[in-house]
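Chemist:
2 protein chains.
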Amino acid sequence: MAFRLFIRIFLLAYLLASAPARSLELAGYLPSWRDTPAKLALLEFVTKVTDVEGDFFVPPERRIAVFDNDGTLWSEEPWPVPLEFVFYRIRKLSPEHPDWANEQPYKAVLANDTEWLRLNGRGAFRQLSAVAQAGISTDQYEGLVQEFLANARHPGTGLRYADMAYVPMLELIKLLQAREFEVYVVSGGDLDFIRAYAPLVYGVARANIIGSHPAYKLDVTANDVQVLRQSETGSVNVGGYKVVNIHVHIGQPPIAAFGNSDGDLQMLRYATSGDGLSLAAILDHDDGQREFAVSSGSARLAEEAKGRRWLRISMKHDFDSIYRVSGQ
Amino acid sequence: MAFRLFIRIFLLAYLLASAPARSLELAGYLPSWRDTPAKLALLEFVTKVTDVEGDFFVPPERRIAVFDNDGTLWSEEPWPVPLEFVFYRIRKLSPEHPDWANEQPYKAVLANDTEWLRLNGRGAFRQLSAVAQAGISTDQYEGLVQEFLANARHPGTGLRYADMAYVPMLELIKLLQAREFEVYVVSGGDLDFIRAYAPLVYGVARANIIGSHPAYKLDVTANDVQVLRQSETGSVNVGGYKVVNIHVHIGQPPIAAFGNSDGDLQMLRYATSGDGLSLAAILDHDDGQREFAVSSGSARLAEEAKGRRWLRISMKHDFDSIYRVSGQ
Numbered sequence: 017m018a019f020r021l022f023i024r025i026f027l028l029a030y031l032l033a034s035a036p037a038r039s040l041e042l043a044g045y046l047p048s049w050r051d052t053p054a055k056l057a058l059l060e061f062v063t064k065v066t067d068v069e070g071d072f073f074v075p076p077e078r079r080i081a082v083f084d085n086d087g088t089l090w091s092e093e094p095w096p097v098p099l100e101f102v103f104y105r106i107r108k109l110s111p112e113h114p115d116w117a118n119e120q121p122y123k124a125v126l127a128n129d130t131e132w133l134r135l136n137g138r139g140a141f142r143q144l145s146a147v148a149q150a151g152i153s154t155d156q157y158e159g160l161v162q163e164f165l166a167n168a169r170h171p172g173t174g175l176r177y178a179d180m181a182y183v184p185m186l187e188l189i190k191l192l193q194a195r196e197f198e199v200y201v202v203s204g205g206d207l208d209f210i211r212a213y214a215p216l217v218y219g220v221a222r223a224n225i226i227g228s229h230p231a232y233k234l235d236v237t238a239n240d241v242q243v244l245r246q247s248e249t250g251s252v253n254v255g256g257y258k259v260v261n262i263h264v265h266i267g268q269p270p271i272a273a274f275g276n277s278d279g280d281l282q283m284l285r286y287a288t289s290g291d292g293l294s295l296a297a298i299l300d301h302d303d304g305q306r307e308f309a310v311s312s313g314s315a316r317l318a319e320e321a322k323g324r325r326w327l328r329i330s331m332k333h334d335f336d337s338i339y340r341v342s343g344q
Numbered sequence: 017m018a019f020r021l022f023i024r025i026f027l028l029a030y031l032l033a034s035a036p037a038r039s040l041e042l043a044g045y046l047p048s049w050r051d052t053p054a055k056l057a058l059l060e061f062v063t064k065v066t067d068v069e070g071d072f073f074v075p076p077e078r079r080i081a082v083f084d085n086d087g088t089l090w091s092e093e094p095w096p097v098p099l100e101f102v103f104y105r106i107r108k109l110s111p112e113h114p115d116w117a118n119e120q121p122y123k124a125v126l127a128n129d130t131e132w133l134r135l136n137g138r139g140a141f142r143q144l145s146a147v148a149q150a151g152i153s154t155d156q157y158e159g160l161v162q163e164f165l166a167n168a169r170h171p172g173t174g175l176r177y178a179d180m181a182y183v184p185m186l187e188l189i190k191l192l193q194a195r196e197f198e199v200y201v202v203s204g205g206d207l208d209f210i211r212a213y214a215p216l217v218y219g220v221a222r223a224n225i226i227g228s229h230p231a232y233k234l235d236v237t238a239n240d241v242q243v244l245r246q247s248e249t250g251s252v253n254v255g256g257y258k259v260v261n262i263h264v265h266i267g268q269p270p271i272a273a274f275g276n277s278d279g280d281l282q283m284l285r286y287a288t289s290g291d292g293l294s295l296a297a298i299l300d301h302d303d304g305q306r307e308f309a310v311s312s313g314s315a316r317l318a319e320e321a322k323g324r325r326w327l328r329i330s331m332k333h334d335f336d337s338i339y340r341v342s343g344q
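Taken in order, these protein sequences are the chains called A and B.
Heads up, the first sequence is in our numbering, so the first residue is 17 and it goes up one at a time.
Heads up, the second sequence is in our numbering, so the first residue is 17 and it goes up one at a time.
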């Protein structure tokens with residue numbers, strides 16, 4: 017193992033030192049990555065699929081890359097950010113609802129009772145979500161999300177959430193886009209939530225966000241057509257549904273996929289099921305010092321990743337810096 | 017009315033004669049259009065929203081144009097082409113099913129009994145569709161559609177269906193794309209069907225097709241992930257659903273929309289509901305000589321189009337030629 021690692025680092029040094037301008041230019045896109053085998057694998061992949069004279073060339077119209085969002089492009093600890101938004105909204109609305117102080121699940125949010133919230137899970141979250149964000153137009157909802165992102169701060173780092181996007185992953189998106197990849201975010205999180213910040217923070221266009229979403233209803237008046245968010249679920253974008261929605265939205269399999277949990281397993285498989293060169297990677301949250309040390313997916317995901325030689329990216333070892341700015 | 021027409025034609029002549037190179041270049045994109053007020057309206061719109069110094073400038077990332085498919089980009093008479101495909105498949109499969117000769121709805125297809133088919137409508141079509149195209153992968157399905165498009169010919173013109181795309185509309189798509197519009201096809205027809213030919217025939221990418229589709233199921237094997245088409249309906253993309261799906265896929269309202277039936281009404285409204293300059297147009301099938309003389313939508317659509325000053329494009333008066341090649 018140590019020998020293979022040595023070989024790969026040697027190859028990276030070789031690539032960086034002896035390669036022509038193109039590879040050096042590629043490496044220049046990833047300044048927040050350390051010179052590790054993971055970085056080498058990413059550079060090798062991009063170099064090969066864009067080398068028109070090589071055996072692994074993929075034409076631009078087939079260069080599709082998909083990224084999971086929560087836990088892959090930004091933190092999902094201690095709670096996924098869309099849930100933090102729901103808590104924020106409940107706190108904002110609480111002055112109009114004095115009864116909430118004694119009524120669950122509101123009480124737990126207002127008292128910051130994380131234990132109760134973890135125990136009561138999905139049911140509580142669904143009720144809170146409905147109160148916090150249903151019945152308004154998607155435009156109004158985006159405005160609320162932007163207000164949240166401008167003001168709220170992560171309980172651990174004290175950073176604004178948009179500043180907690182992982183800079184190395186943003187650099188990777190930029191590198192892929194510069195090499196004519198069409199980059200999509202494919203998330204179990206809320207579509208309208210991600211659209212409120214992804215164009216600015218990730219550099220990914222609104223049309224390239226695929227997410228879960230509530231049932232929508234039209235509000236048609238004489239001079240306006242608005243899309244309203246309902247409290248019922250419309251589409252859930254996890255697991256196999258990620259693949260189906262990639263088909264519906266993009267119409268072809270990705271050749272590169274990045275995730276961090278079992279909800280990404282089918283998407284990672286889909287990306288690596290074609291004939292040509294492809295890349296699937298799992299981001300490991302193994303940095304208890306700078307972020308969180310939590311397991312990325314189940315033993316099943318780990319086994320499949322090993323069997324299929326998917327890349328594992330270690331936040332601890334492969335990321336030189338994580339955030340754009342430092343926390344408090 | 018005649019005077020207003022004269023004024024507009026005069027304006028067009030003026031625009032074409034006196035305008036700087038840019039407008040002439042724009043007009044050059046529409047060689048199959050006659051110099052009528054409709055052409056003028058289209059050129060004026062594109063000129064205004066792309067004029068960075070003018071009052072109506074729209075930045076490229078907001079230049080979204082949506083086109084209905086059947087009846088707007090190609091013929092839907094005597095049957096929508098996806099239905100002709102189903103009939104074609106039934107005829108192809110019939111040697112394996114000798115009983116079909118005496119069993120409806122197959123019998124009607126094999127005997128070309130259009131009267132029976134029109135009388136028995138949706139139920140029959142659903143049954144035929146299920147037999148013709150369910151349970152196969154989307155890749156297999158696209159292969160079958162391409163085989164159909166390469167071989168089948170329209171019963172009236174004798175042309176291949178791909179040659180029955182309306183050339184003036186294709187020129188319009190090209191003009192919009194050249195002016196940094198993102199062009200989408202938003203159709204009640206089958207998503208996978210349109211993807212089988214739209215990139216080549218329309219120049220619209222796979223990811224820019226929004227259509228109806230069956231329920232999908234994944235077929236995951238050790239080395240492959242395939243998306244299978246089921247016989248159940250998955251998503252129906254007509255009327256208000258066109259608006260919801262534009263939100264889900266694109267994430268912002270179009271500023272230009274083109275349709276030809278009541279199923280496009282909400283989409284046309286949505287395109288013209290914003291604050292900036294926008295354009296909605298209805299294609300009139302009023303050319304019994306060169307195509308078909310059928311009404312484009314109900315009295316309600318006509319009234320709304322009039323009240324909102326939507327553009328009406330006349331195939332008879334505004335199209336100089338219709339198809340890329342001549343029929344038999």
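Where is the CB? At the ideal position from N, CA and C, for every residue including glycine.
Taking any Cβ of chain A, which residues in the stretch 202 to 218 of chain B have a Cβ under 9 Å from it, in chain order?
Modeler: Correct list: 207, 208, 211 and 215.
Chemist: Taking residue 309 of chain A and residue 296 of chain A to be in contact with their CB atoms under 8 Å, please state how far apart those CB atoms are, rounded to whole angstroms.
Modeler: Looking up residue 309 of chain A in the first sequence gives position 293. Looking up residue 296 of chain A in the first sequence gives position 280. The Cβ separation is near 23 Å, so there is no contact.
Chemist: Going along chain B, which residues have a C-beta under 7 Å from residue 223 of chain A?
Modeler: What you label residue 223 of chain A is simply residue 207 of the first sequence in a count that begins at 1. Within 7 Å Cβ-Cβ: 265, 266 and 267.
Chemist: With DSSP collapsed to three states, give me the class of residue 344 of chain A.
Modeler: As a first step, residue 344 of chain A must be located in the first sequence, where it is residue number 328. Its pLDDT being 40, under 50, residue 344 of chain A is placed unreliably in this model, and the coordinates cannot settle the point.
Chemist: Give the secondary structure of residue 248 of chain B by DSSP, where H, G and I count as helix, E and B as strand, and everything else as coil.
Modeler: By one-based count along the second sequence, residue 248 of chain B stands at place 232. Reduced to three states, the DSSP call for residue 248 of chain B is strand.
Chemist: What are the residues in the stretch 239 to 267 of chain B lying within 7 Å of chain A by C-beta distance?
Modeler: The stretch 239 to 267 of chain B vs chain A, Cβ under 7 Å: 239, 240, 241, 243, 256, 259, 260, 263, 264, 265, 266 and 267.
Chemist: Tell me the start and end of each unbroken alpha helix (DSSP H) in the stretch 221 to 299 of chain B that is at least 4 residues and wholly inside, in chain order.
Modeler: Qualifying alpha helix (DSSP H) stretches, in chain order: 256 to 265 and 281 to 287.
Chemist: What residue range does the alpha helix (DSSP H) around residue 187 of chain A cover?
Modeler: In the first sequence, counting from the first residue as 1, residue 187 of chain A sits at position 171. Looking at the DSSP string, the run of the alpha helix (DSSP H) that includes residue 187 of chain A is 183 to 194.
Chemist: Does residue 339 of chain B get closer than 7 Å to chain A when you measure Cβ to Cβ?
Modeler: Against the second sequence, residue 339 of chain B aligns to sequence position 323. Cβ-Cβ to chain A under 7 Å: no for residue 339 of chain B.
Chemist: Please tell me whether residue 286 of chain A has its Cβ less than 7 Å away from any Cβ of chain C.
Modeler: No chain C appears in the structure shown, which is made up of the protein chains A and B.
Chemist: Rounded C-beta distance between residue 146 of chain A and residue 133 of chain A? I'm assuming under 8 Å.
Modeler: Within the first sequence, numbered from 1, the residue matching residue 146 of chain A stands at position 130. Within the first sequence, numbered from 1, the residue matching residue 133 of chain A stands at position 117. That belief does not hold up - the Cβ atoms of residue 146 of chain A and residue 133 of chain A are roughly 16 Å apart, past 8 Å.
Chemist: Take every Cβ of the stretch 101 to 118 of chain A, pair it with every Cβ of the stretch 306 to 325 of chain A, and state whether three or more of those distances are shorter than 8 Å.
Modeler: No: the two stretches stay apart, fewer than three of their Cβ pairs being nearer than 8 Å.
Chemist: Here's the rule I'm using: 16 or more other beta-carbon atoms within 10 Å means buried, otherwise exposed. How should residue 335 of chain B be labelled?
Modeler: Counting from one through the second sequence, the residue named residue 335 of chain B turns up at place 319. Counting Cβ neighbours within 10 Å, residue 335 of chain B comes out buried, since at least 16 surround it.
Chemist: Scan the stretch 319 to 340 of chain B for residues whose Cβ lies nearer than 7 Å to a Cβ of chain A and list them as they occur along the chain.
Modeler: Listed by position, the residues of the stretch 319 to 340 of chain B near chain A (Cβ gap below 7 Å) amount to none.
Chemist: Can you name the residues that DSSP bridges to residue 198 of chain A?
Modeler: Numbered from 1 along the first sequence, position 182 holds the residue referred to as residue 198 of chain A. Residue 198 of chain A pairs with A:80.
Chemist: Expressed to the nearest angstrom, what Euclidean distance is found between the alpha-carbon atoms of residue 327 of chain A and residue 271 of chain B?
Modeler: For the purposes of this step, residue 327 of chain A is taken as residue 311 along the first sequence, with counting starting at 1. For the purposes of this step, residue 271 of chain B is taken as residue 255 along the second sequence, with counting starting at 1. Cα to Cα, residue 327 of chain A sits roughly 43 Å from residue 271 of chain B.
Chemist: Apply the 10 Å Cβ neighbour rule to residue 135 of chain A and answer buried if 16 or more other Cβ atoms are within range, or exposed otherwise.
Modeler: Numbered from its first residue, the first sequence carries residue 135 of chain A at position 119. Exposed is the call here.
Chemist: Examine the Cβ distances between the stretch 199 to 211 of chain B and the stretch 225 to 240 of chain B and report whether three or more of them are shorter than 8 Å.
Modeler: Yes, the stretch 199 to 211 of chain B touches the stretch 225 to 240 of chain B.
Chemist: Is the Cβ of residue 344 of chain B closer than 7 Å to any Cβ of chain A?
Modeler: The residue given as residue 344 of chain B occupies position 328 in the second sequence. Bear in mind that a pLDDT of 40 at residue 344 of chain B, under 50, signals an unreliable position, so the number given afterwards is only what the model happens to contain. No, its Cβ sits nowhere closer than 7 Å to a Cβ of chain A.
Chemist: Residue ranges of each alpha helix (DSSP H) run of no fewer than 4 residues wholly in the stretch 57 to 144 of chain B, ordered along the chain?
Modeler: The stretch 57 to 144 of chain B contains these whole alpha helix (DSSP H) runs: 97 to 109 and 122 to 126.
Chemist: For residue 335 of chain B, write down the residues that DSSP places opposite it in a beta bridge.
Modeler: Along the second sequence, read from residue 1 onward, the residue named residue 335 of chain B stands at position 319. Beta-bridge pairing links residue 335 of chain B to B:49.
Chemist: Residues of chain B with CB closer than 7 Å to the CB of residue 149 of chain A, please, in chain order.
Modeler: For the purposes of this step, residue 149 of chain A is identified with residue 133 of the first sequence, where counting begins at 1. Under the 7 Å cutoff, chain B gives no residues; its nearest Cβ is about 16 Å from residue 149 of chain A.
Chemist: Measure the C-alpha to C-alpha separation of residue 50 of chain B and residue 179 of chain B and round it to an integer number of angstroms.
Modeler: Counting from one through the second sequence, the residue named residue 50 of chain B turns up at place 34. Counting from one through the second sequence, the residue named residue 179 of chain B turns up at place 163. Roughly 21 Å separates the two Cα atoms.
Chemist: Please confirm whether residue 289 of chain B has its beta-carbon closer than 7 Å to some beta-carbon of chain A.
Modeler: Within the second sequence, numbered from 1, the residue matching residue 289 of chain B stands at position 273. Taking Cβ atoms only, chain A reaches closer than 7 Å to residue 289 of chain B, which makes this a yes.
Chemist: Using a Cβ-Cβ distance cut-off of 7 Å, determine whether residue 232 of chain B contacts chain A.
Modeler: Locating residue 232 of chain B in the second sequence gives position 216, where the first residue counts as 1. With 7 Å as the cut-off, residue 232 of chain B counts as an interface residue toward chain A.
Chemist: So residue 202 of chain A and residue 298 of chain A are in contact, right, with Cβ under 8 Å, and what is the actual spacing, rounded?
Modeler: Within the first sequence, numbered from 1, the residue matching residue 202 of chain A stands at position 186. Within the first sequence, numbered from 1, the residue matching residue 298 of chain A stands at position 282. Actually they do not touch by this definition, with Cβ atoms about 15 Å apart.
Chemist: What is the DSSP secondary structure of residue 210 of chain A, counted as helix, strand or coil?
Modeler: Looking up residue 210 of chain A in the first sequence gives position 194. The answer is helix: DSSP assigns residue 210 of chain A an H, G or I state.
Chemist: Let's test the definition: count the other Cβ atoms within 10 Å of the Cβ of residue 60 of chain A and tell me whether it reaches 16, buried, or not, exposed.
Modeler: Within the first sequence, the letter at position 44 stands for residue 60 of chain A. Residue 60 of chain A is buried by the Cβ-count criterion.
Chemist: Which of the residues in the stretch 156 to 173 of chain B, read from start to end, lie with their CB under 8 Å from any CB of chain A?
Modeler: Those residues of the stretch 156 to 173 of chain B that come within reach of chain A (Cβ to Cβ, closer than 8 Å) do not exist; the list is empty.
Chemist: How long is the line joining the alpha carbons of residue 190 of chain A and residue 54 of chain B, rounded to whole angstroms?
Modeler: Within the first sequence, residue 190 of chain A is the residue found at index 174, counting from 1. Within the second sequence, residue 54 of chain B is the residue found at index 38, counting from 1. Distance between the alpha carbons of residue 190 of chain A and residue 54 of chain B: 42 Å.
Chemist: So, does the stretch 230 to 247 of chain B touch the stretch 211 to 218 of chain B, judging by three or more C-beta pairs under 8 Å?
Modeler: No: the two stretches stay apart, fewer than three of their Cβ pairs being nearer than 8 Å.
Chemist: In the stretch 271 to 284 of chain A, which residues sit with their C-beta less than 8 Å from some C-beta in chain B, listed in chain order?
Modeler: Per Cβ criterion, the list reads 282.
Chemist: Using the beta-carbon count (16 or more within 10 Å), is residue 170 of chain A buried or exposed?
Modeler: Numbered from 1 along the first sequence, position 154 holds the residue referred to as residue 170 of chain A. So residue 170 of chain A ends up on the buried side.
Chemist: Where does the unbroken beta strand (DSSP E) through residue 327 of chain A begin, and where does it stop?
Modeler: To locate residue 327 of chain A, count along the first sequence from 1; it is residue 311. Residue 327 of chain A -> beta strand (DSSP E) spans 327 to 330.
Chemist: When the Cβ atoms of the stretch 63 to 76 of chain B are set against those of the stretch 101 to 117 of chain B, are three or more pairs found closer than 8 Å?
Modeler: Not touching, per the Cβ criterion.
Chemist: Buried or exposed, going by whether 16 or more other CB atoms sit within 10 Å of the CB of residue 321 of chain B?
Modeler: Here the question's residue 321 of chain B lines up with position 305 in the second sequence. Burial call: buried.
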